[in-house]
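Heads up, the thing below is written out as structure tokens.
There are 2 protein chains.
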Amino acid sequence: MEQTEIDEMFMYEALKLACIAEKKGEVPIGAVIVKDGKIISKGYNLKETKQMAINHAEILAIKNACKKLRSWRLEDCTLYVTLEPCPMCSGAIINSRITRIVFGAFDKKAGCCGTLYNLPLDERFNHRPIVMGGILENDCGKILSNFFKNARENKGRRNVNNRIR
Amino acid sequence: MEQTEIDEMFMYEALKLACIAEKKGEVPIGAVIVKDGKIISKGYNLKETKQMAINHAEILAIKNACKKLRSWRLEDCTLYVTLEPCPMCSGAIINSRITRIVFGAFDKKAGCCGTLYNLPLDERFNHRPIVMGGILENDCGKILSNFFKNARENKGRRNVNNRIR
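Those protein sequences? They're chains A and B, same order as listed. Number 147 in the numbering used here belongs to position 147 of the first sequence; there are no gaps in the numbering. Number 128 in the numbering used here belongs to position 128 of the second sequence; there are no gaps in the numbering.
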């Protein structure tokens, strides 16, 4: 398999997790962490469900991976996430020494892996993950835009402003 | 009491937590979150002890505050931390809508509240906390520099490179 095919395969797994988040009424974002060709941890957005500000998909995947490997160092790991990481998650990825970040849709509001900032490429930090964006971009973007479209249509029933990621 | 005195009082509380971290062999950083003049949560660096990349003092304080308030929104809260927040923690503070950040020592290696970046002041994000740095700067800096000095002196006994925050 070529690297692009491998990346798409794991991004589909992240998309499945985004769907689980959506069913819980969360902004649909999913993440998996891969080491030696295998998924070692998963995460999806659980901010509203748990009323926890840090519960982005990436943070939960990183927590699970640290537990699994019994180490805060996630070297030789690739994180796949359906949306470009925000400043918090970009920083967590740098702190955890993840080797490679692959994301789906670009985030013009908070993306810090190329859009607003490119934190992983900043040589002043003590670790620089490789970044690849736009893998399954259409699928990853569509699940989000559909979610927000539905949320706006249902605005009378629940407050969409509460669903800002 | 004037605001500066109040800020120093709470920073001393954060410093006490930094001391607890130090006793556990962690880089000594502590944080408290204050609402309505009262400490509602505390945190100190537990990255090594728990082998958890995200366990910075600020993240643990934010987690505790969300649990206490049963909300991811930490509006009208002030976070006091002995060291300038890194990208991950600056992002977590923005995401949790904390109103005000007060930090002690500046961090020339990873500080994102004025030193390398000033993420909280970026108008493109959907929340902009007020930032004040340099409160009890000498005390907050000294506990860190002493820690690293001791770690270098004990290098034969344990690997200081493992203690990079």
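Glycine included, C-beta positions come from ideal geometry on N, C-alpha and C.
Please name the residue, chosen from ASN118/A, GLU123/A and GLU84/A, that lies closest to GLY104/A on a Cα-to-Cα basis. GLU84/A
Could you give the DSSP three-state label for CYS112/A: helix, strand or coil? Looking at CYS112/A - three-state DSSP - the assignment turns out to be coil, as it is neither helix nor strand.
Indicate the three-state DSSP secondary structure (helix, strand or coil) for MET132/B in the structure shown. strand
Using a Cβ-Cβ distance cut-off of 9 Å, determine whether ASN45/A contacts chain B. no
Segment contact flag, the segment 140–158 of chain A with the segment 117–127 of chain A, C-beta cutoff 8 Å, min 3 pairs: no
With 9 Å set as the bound, which would you pick, yes or no: does the beta-carbon of ALA31/B sit closer than that to a beta-carbon of chain A? no
What does LYS23/A pair with, by DSSP beta-bridge criteria? The partner list for LYS23/A (beta bridge, DSSP) is empty, contrary to what the question assumes.
By the three-class DSSP mapping on this structure, what secondary structure does PHE106/A have? Taken through DSSP and simplified to helix, strand or coil, PHE106/A comes out as coil.
Simplified DSSP state of THR78/A, which is helix, strand or coil: It is a strand residue.
Best match in THR78/A, LYS149/A, GLY43/A and GLY114/A for proximity to LYS63/A [C-alpha to C-alpha]: GLY43/A
Cβ of GLN3/B within 9 Å of any chain A Cβ: no
So, is MET1/A buried or exposed, given that buried needs 16 or more other C-beta atoms within 10 angstroms? exposed
In chain B, which residues lie less than 9 Å from LYS24/A when you measure between Cβ atoms? Chain B residues near LYS24/A: none, gap ~14 Å exceeds 9 Å.
Kindly list the residues whose CB is nearer than 8 Å to the CB of CYS19/B, restricted to its own chain and excluding five residues on each side of it in sequence; keep chain order. PRO28, GLY30 and ILE143
Quick one, which residues of the segment 52–67 of chain B are near chain A if we go by CB-CB under 7 Å, in chain order? MET52, ALA53, ILE54, ILE59, ILE62, LYS63 and CYS66
Return the bridge partner residues of ARG100/B from the DSSP annotation. THR78/B and ILE130/B
Closer than 9 Å to chain A by CB, SER96/B: SER96/B counts as touching chain A.
Simplified DSSP assignment, three categories, for ALA14/A: helix
Straight-line gap, ASN95/B to GLU48/B (C-alpha atoms, nearest Å): 25 Å
To the nearest angstrom, report how far apart GLY111/A and TYR117/A are at their CA atoms. 7 Å
Is it buried or exposed for THR4/A, if we count other Cβ within 10 angstroms and need 16 for buried? exposed
Span of the beta strand (DSSP E) holding ALA31/B? 30–35
Residues of the segment 85–114 of chain A whose Cβ lies closer than 8 Å to any Cβ of chain B, in chain order: CYS86, PRO87, MET88, CYS89, SER90, GLY91, ALA92, ILE94, ASN95, SER96, ARG97, LYS109, ALA110 and CYS112
Opposite LYS68/B in the DSSP bridges: which residues? LYS68/B is not bridged to any residue.
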